[in-house]
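In the numbering used here, the protein residues as written are 7 to 110.
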């Protein structure tokens, strides 16, 4: 296949977004939060219990993930629930789980 036959797979906007997401995910605690969330939604307290650090620490990392448009949130009564807001991110998390979190 020559360069004329190759489809355009990426544009600079997609590459920049992917780089921002991967950079945000590269912190071990943020990656752990994303793995905990998977395709579910959890409150901050639920995440704290599963990840095992302080609420203020979790909240800081959740804010970064929201800022990068990786997470969405919804408020129910007095609790805020977080979820992965992008199907591509869900696919990426699942692939990472398959590669790194299963025994071979």
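All residues carry an ideal CB built from backbone N, CA and C; glycine is no exception.
Distance check for residue j and residue i, CA to CA, integer angstroms please.
i	j	result
residue 30	residue 71	7 angstroms
residue 107	residue 77	22 angstroms
residue 99	residue 44	7 angstroms
residue 80	residue 105	30 angstroms
residue 103	residue 20	23 angstroms
Classify residue i: buried if its beta carbon has 16 or more other beta carbons within 10 angstroms, exposed otherwise.
i	result
residue 85	exposed
residue 40	buried
residue 28	exposed
residue 33	exposed
residue 94	exposed
Which of the three DSSP states, helix, strand or coil, is assigned to residue i?
i	result
residue 17	coil
residue 106	helix
Leaving aside the five residues before and after residue i along the sequence, list all residues of the same chain whose C-beta is less than 8 angstroms from its C-beta, in chain order.
i	result
residue 61	50, 51 and 54
| said: Please give the ranges of any alpha helix (DSSP H) in the segment 20-99, keeping only runs that are unbroken, at least 4 residues long and fully inside the region. | reply: Assignment of alpha helix (DSSP H) within the segment 20-99, counting only whole runs of 4 or more residues, yields 34-43, 50-57 and 61-73 in chain order.
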